[in-house]
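Report on the following structure.
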Amino acid sequence: MDIVSNQQRKKIHPRKFTMWVAIASIIMMFAGLTSAYIVKSNQAAWQEIELPKIFWGSTIVILVSSLTMQIALRSFKQREMRQYRVFIASTFLLGSVFIIFQCIGFLQLWEQQQVTLKGSGAGQFLYVIFGLHVLHVFGGVIALLVMFTRAFFGKIKMYSPVPVELAATYWHFVDALWIYLLIFFLWVR
Amino acid sequence: MDAMNAHAEAIMTHEVHYDEHQAHHHNQSFISKYIFSQDHKTIAKQFLITGIIWAMIGGLFSVLFRLQLGFPGQSFPILETIFGKWAPGGEIKPEFYYALITMHGTILVFFVLTAGLSGTFANLLIPLQAGARDMASPFLNMLSYWFFFLASIVMLSSLFIQTGPAAGGWTVYPPLSALHTASIGSELGMDLWIVSMALFVVSSLLGGINYISTILNMRTKGMSMTRLPLTIWAVFFTAVLGVLSFPVLLSGLILLLFDRNLGTSFYLSDIVVNGQIMPNEGGSAILFQHLFWFLGHPEVYIIILPTMGIVSEIISINSRKPIFGYMAMVGSLFAICTLAFLVWAHHMFVTGMNPLLGSIFVLLTLLIAVPSAIKTFNWLTTMWRGNIRFTPAMLFSIGFVSMFISGGLTGIFVGNSTLDIQLHDTMFVVAHFHIVMGVSAFFGMFAGLYHWFPKMFGRYLNTTLGYIHFWVTLIGAYLIFWPMHYEGLAGMPRRYLDKSPWVSFSQFGDLDRMITIVSIIVYAVQLMFVFNFFYSIFKGRKVTTQNPWKANTLEWTTPIRPGHGNWPGEIPEVHRWPYDYSKDGRDFIPQTEPVGANESNEH
Numbered sequence: 001m002d003i004v005s006n007q008q009r010k011k012i013h014p015r016k017f018t019m020w021v022a023i024a025s026i027i028m029m030f031a032g033l034t035s036a037y038i039v040k041s042n043q044a045a046w047q048e049i050e051l052p053k054i055f056w057g058s059t060i061v062i063l064v065s066s067l068t069m070q071i072a073l074r075s076f077k078q079r080e081m082r083q084y085r086v087f088i089a090s091t092f093l094l095g096s097v098f099i100i101f102q103c104i105g106f107l108q109l110w111e112q113q114q115v116t117l118k119g120s121g122a123g124q125f126l127y128v129i130f131g132l133h134v135l136h137v138f139g140g141v142i143a144l145l146v147m148f149t150r151a152f153f154g155k156i157k158m159y160s161p162v163p164v165e166l167a168a169t170y171w172h173f174v175d176a177l178w179i180y181l182l183i184f185f186l187w188v189r
Numbered sequence: 001m002d003a004m005n006a007h008a009e010a011i012m013t014h015e016v017h018y019d020e021h022q023a024h025h026h027n028q029s030f031i032s033k034y035i036f037s038q039d040h041k042t043i044a045k046q047f048l049i050t051g052i053i054w055a056m057i058g059g060l061f062s063v064l065f066r067l068q069l070g071f072p073g074q075s076f077p078i079l080e081t082i083f084g085k086w087a088p089g090g091e092i093k094p095e096f097y098y099a100l101i102t103m104h105g106t107i108l109v110f111f112v113l114t115a116g117l118s119g120t121f122a123n124l125l126i127p128l129q130a131g132a133r134d135m136a137s138p139f140l141n142m143l144s145y146w147f148f149f150l151a152s153i154v155m156l157s158s159l160f161i162q163t164g165p166a167a168g169g170w171t172v173y174p175p176l177s178a179l180h181t182a183s184i185g186s187e188l189g190m191d192l193w194i195v196s197m198a199l200f201v202v203s204s205l206l207g208g209i210n211y212i213s214t215i216l217n218m219r220t221k222g223m224s225m226t227r228l229p230l231t232i233w234a235v236f237f238t239a240v241l242g243v244l245s246f247p248v249l250l251s252g253l254i255l256l257l258f259d260r261n262l263g264t265s266f267y268l269s270d271i272v273v274n275g276q277i278m279p280n281e282g283g284s285a286i287l288f289q290h291l292f293w294f295l296g297h298p299e300v301y302i303i304i305l306p307t308m309g310i311v312s313e314i315i316s317i318n319s320r321k322p323i324f325g326y327m328a329m330v331g332s333l334f335a336i337c338t339l340a341f342l343v344w345a346h347h348m349f350v351t352g353m354n355p356l357l358g359s360i361f362v363l364l365t366l367l368i369a370v371p372s373a374i375k376t377f378n379w380l381t382t383m384w385r386g387n388i389r390f391t392p393a394m395l396f397s398i399g400f401v402s403m404f405i406s407g408g409l410t411g412i413f414v415g416n417s418t419l420d421i422q423l424h425d426t427m428f429v430v431a432h433f434h435i436v437m438g439v440s441a442f443f444g445m446f447a448g449l450y451h452w453f454p455k456m457f458g459r460y461l462n463t464t465l466g467y468i469h470f471w472v473t474l475i476g477a478y479l480i481f482w483p484m485h486y487e488g489l490a491g492m493p494r495r496y497l498d499k500s501p502w503v504s505f506s507q508f509g510d511l512d513r514m515i516t517i518v519s520i521i522v523y524a525v526q527l528m529f530v531f532n533f534f535y536s537i538f539k540g541r542k543v544t545t546q547n548p549w550k551a552n553t554l555e556w557t558t559p560i561r562p563g564h565g566n567w568p569g570e571i572p573e574v575h576r577w578p579y580d581y582s583k584d585g586r587d588f589i590p591q592t593e594p595v596g597a598n599e600s601n602e603h
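Each protein sequence line maps, in turn, to chains A and B. If you read the first sequence in the working numbering, its first letter stands for residue 1, the second for the next number, and so on. If you read the second sequence in the working numbering, its first letter stands for residue 1, the second for the next number, and so on.
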């Protein structure tokens with residue numbers, strides 16, 4: 001009997017599992033796009049670009065936001081709600097800053113390097129791939145906004161850590177995805 | 001002793017606590033019960049009925065283009081009455097013909113045999129057979145249907161716009177699909193196709209992640225993975241395929257949308273349309289084919305795997321024998337699921353692929369024959385010396401096995417890159433995939449419908465109509481698709497509007513007429529099935545016993561018309577695998593029955 005109940009306890013929450021499967025499918029989408037990039041980069045008329053410097057800024061921002069997200073999650077589990085509020089708010093803000101930085105990056109590429117949507121080189125792929133990544137980050141920011149609103153203005157007290165854990169998992173995922181994409185764009189030439 | 005019981009009860013509550021609140025929905029409004037329902041059984045019916053409507057449309061399209069193929073140049077005034085400018089003088093316009101074949105493929109492959117099939121049976125059976133009150137996330141499940149509904153609306157609306165729906169084939173290869181000026185079907189219809197398919201992908205991902213996490217996390221007590229019915233294993237692998245391959249189609253379609261509307265050249269290079277040189281440079285049309293077929297091939301297994309599960313279950317029940325080689329069945333499902341991702345380029349043998357690469361894909365493709373043969377032999381050996389009950393469901397299952405063998409054997413032909421030089425894009429390929437995936441999947445789906453209709457609606461489908469449905473469809477399907485092999489071997493191309501100008505193909509004129517006439521008959525019989533379906537929902541013979549087929553699985557332990565939450569009391573505990581038929585002198589032993597002290601060990 002005890003063995004059974006132990007196994008029960010170890011069982012992953014269905015929502016969290018669902019999140020992991022969803023992450024797997026998002027990974028496949030970016031795997032498809034980056035393999036298309038590799039195929040295309042070996043063909044004629046491939047055009048390289050210089051990665052705008054601001055993308056390094058956004059990298060730092062999203063790395064820090066992962067850290068704040070983790071602290072928020074830990075504070076929530078320890079029921080230190082004041083600290084939780086501070087860190088969930090800062091994660092939300094950092095996420096928004098990341099989106100703004102990415103948009104600035106796109107604009108710089110467009111205006112300073114004259115990379116438009118004509119053609120099919122690294123620049124056009126960058127708009128599509130980073131663009132889709134920003135959309136996924138945007139989805140995460142919306143989720144954070146919901147948590148943030150609940151934490152500050154919610155009437156009902158939240159005790160289950162599952163929603164925060166889900167948000168944290170997703171947030172670390174978009175962070176890791178960004179690191180992968182950045183390294184990919186630096187590496188594959 | 002009491003402490004033990006209390007402890008056991010605590011575990012039980014723990015097991016169901018994720019969604020126990022759902023057992024208490026009593027005062028539901030019409031809208032929350034039938035329209036925006038979160039009950040997996042209602043969602044299954046929604047998928048099914050939407051799928052049936054689509055099947056009627058998609059099937060009608062095939063009848064229309066068969067009219068053109070069987071009677072080229074002949075006038076059918078009624079066509080002009082109905083379709084106006086698309087059939088001037090009662091003759092199908094070339095643009096209309098291409099739109100018809102494109103939409104026939106799209107509708108049947110995605111809207112009927114993916115959403116209509118998986119959506120119906122995964123939703124219906126996963127919670128009922130694995131022993132759960134509902135899906136892991138009933139809300140996402142509901143969203144999954146409504147995204148499918150939106151996709152359907154968008155696709156349907158593309159049929160009614162001035163320039164018509166997409167017309168470049170269901171594979172929407174660029175450049176035809178990427179340039180607005182390439183054909184009238186490449187205008188707005190193509191954009192709607194992409195939007196609809198994007199919504200469709202979202203729907204199938206929401207469904208798929210739910211199926212996977214329900215199967216892995218929400219099984220009832222005692223329901224270990226190896227005690228799952230094969231239906232659940234099959235929809236599990238189907239969902240895995242969908243979750244990992246549909247996103248790649250989405251990436252391909254996003255790039256296509258950019259090429260179409262924003263001026264990029266991912267797929268376009270050096271093209272002249274109507275004497276005008278296009279500005280696009282540097283793209284690769286083959287890139288799209290890779291991205292498309294990375295989904296496209298798993299897609300055919302997404303279609304066939306659920307029906308394999310359904311058929312395994314029905315054959316075992318109606319042979320009153322345990323399924324032969326349960327673990328081999330699961331293993332072969334796994335093998336097919338894995339190989340599905342490694343064979344996509346066999347759709348592209350003649351695109352100028354490196355012959356060495358081609359031969360690797362030939363090898364991997366032919367490997368699929370191994371798990372497929374294992375499954376086929378296991379179905380046959382399950383029936384061997386069984387006490388077979390020829391219900392309509394069983395007949396359709398046997399028909400499935402027959403079709404799967406016939407179509408599977410020609411797969412060995414077309415999977416060979418050398419033979420493919422002769423056979424690609426001929427009627428041989430049409431015959432192959434219609435038999436192995438189209439007709440087979442429909443047979444499996446029909447089998448499932450005849451079998452689980454009592455669970456869905458508390459009534460039976462009419463059996464006499466069922467027998468007529470089966471025999472006409474079986475004979476008709478062979479009459480339609482068998483001759484196409486000969487046409488294809490002679491080199492007759494698919495997708496052509498009119499083959500009569502060629503002397504070498506006009507010899508098949510009579511054959512084509514025969515095929516067309518049989519298609520009309522078979523289509524009419526499917527309409528008869530649809531009538532049977534809707535009539536039986538309201539007027540069919542009522543189910544009076546809880547377990548009409550004397551089956552072992554958990555869905556037959558629920559009330560005849562289960563409410564939301566499926567079991568009125570606790571979810572039953574499972575003590576054995578689902579295939580204890582004719583064991584120890586007993587006809588069947590339900591999964592809920594504890595293993596007796598003197599019971600023999602063997603399955």
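Just so you know, even glycine gets a beta-carbon here, dropped at the ideal spot from N, CA and C.
For residue i, collect the residues of the same chain with a Cβ closer than 8 Å to its Cβ; drop the 5 residues on either side in sequence, then sort them by chain order.
| i | result |
| --- | --- |
| THR592/B | LEU554, THR557, PRO572, GLU573, VAL574 and HIS575 |
Applying a beta-carbon distance threshold of less than 8 Å, which residues of chain B neighbour residue i?
| i | result |
| --- | --- |
| GLN43/A | GLY282 and SER284 |
| ARG74/A | Neighbours of ARG74/A on chain B: none; closest Cβ ~25 Å, over 8 Å. |
Mind pulling the chain B residues with CB within less than 9 Å of residue i?
| i | result |
| --- | --- |
| LYS40/A | PHE266, GLY282, GLY283, SER284 and LEU287 |
| LEU67/A | Near LEU67/A there are no residues of chain B at all, since even the closest Cβ is about 28 Å away, more than 9 Å. |
Kindly indicate the opening and closing residues of the beta strand (DSSP E) around residue i.
| i | result |
| --- | --- |
| PHE588/B | 586 to 588 |
| SER582/B | 581 to 583 |
Show which residues of chain A have a CB atom less than 7 Å away from the CB atom of residue i.
| i | result |
| --- | --- |
| PRO138/B | By Cβ distance, chain A contributes nothing, its closest Cβ being about 11 Å from PRO138/B, past 7 Å. |
| SER213/B | PRO14, PHE17, THR18 and VAL21 |
| GLY263/B | LEU117 and LYS118 |
| LEU291/B | GLY32 and ALA36 |
Leaving out the 5 sequence neighbours to the left and right, which residues in its chain are closer than 6 Å to residue i when beta-carbon positions are compared?
| i | result |
| --- | --- |
| ASP175/A | ILE62 and SER66 |
| GLY123/A | ILE49 and VAL115 |
Taking the CB atoms as reference points, tell me whether residue i and residue j lie closer together than 7 Å.
| i | j | result |
| --- | --- | --- |
| SER58/A | PHE106/A | no |
| GLY408/B | SER372/B | yes |
| SER90/A | THR68/A | yes |
| VAL429/B | MET484/B | no |
| LEU497/B | TYR97/B | yes |
| ALA55/B | LEU124/B | no |
| VAL300/B | ALA122/B | no |
Identify, in the order they occur along the chain, each residue of the same chain with its Cβ nearer than 7 Å to the Cβ of residue i, setting aside the five sequence neighbours on each side.
| i | result |
| --- | --- |
| SER120/A | LYS40 |
| LEU150/B | LEU199 |
| LYS542/B | GLY458 and ARG459 |
| VAL63/B | SER519, ILE520 and TYR523 |
| MET383/B | ILE315 and SER319 |
| PHE292/B | THR171, LEU249 and GLY252 |
| LEU151/A | In the sequence on display, residue 151/A carries Ala and not Leu. Only TYR84, ARG85 and ILE88 meet the Cβ criterion. |
| LEU69/B | ASP512 and THR516 |
Whose Cβ in chain B lies nearer than 7 Å to the Cβ of residue i?
| i | result |
| --- | --- |
| VAL128/A | ILE254, LEU255 and PHE258 |
Which first and last residues belong to the alpha helix (DSSP H) in which residue i is found?
| i | result |
| --- | --- |
| ASN141/B | 138 to 158 |
| ASN261/B | 230 to 261 |
| PRO306/B | 285 to 319 |
| ARG389/B | Counting along the chain, ARG389/B falls outside any alpha helix (DSSP H), and DSSP gives it neither H nor E. |
| GLU95/B | 94 to 106 |
| TYR496/B | Per DSSP, TYR496/B belongs to no alpha helix (DSSP H) and is neither H nor E. |
| GLN124/A | 122 to 153 |
| GLY444/B | 440 to 457 |
Quick one: list the residues of chain E neighbouring residue i, beta-carbon separation under 7 Å, in chain order.
| i | result |
| --- | --- |
| LEU216/B | Looking for chain E here will not work: the only protein chains present are A and B. |
Note down, in chain order, every chain A residue with its Cβ under 8 Å from the Cβ of residue i.
| i | result |
| --- | --- |
| ASN210/B | THR18 |
| VAL248/B | MET28, MET29, ALA31 and GLY32 |
| PHE294/B | GLY32 |
By the criterion of Cβ-Cβ separation under 9 Å, what are the contact partners of residue i in chain A?
| i | result |
| --- | --- |
| VAL243/B | VAL21, ALA22, ALA24, SER25 and MET28 |
Problem set entry | Entirely enclosed alpha helix (DSSP H) segments - the segment 49 to 114 of chain A, minimum 4 residues | 54 to 77 and 81 to 112
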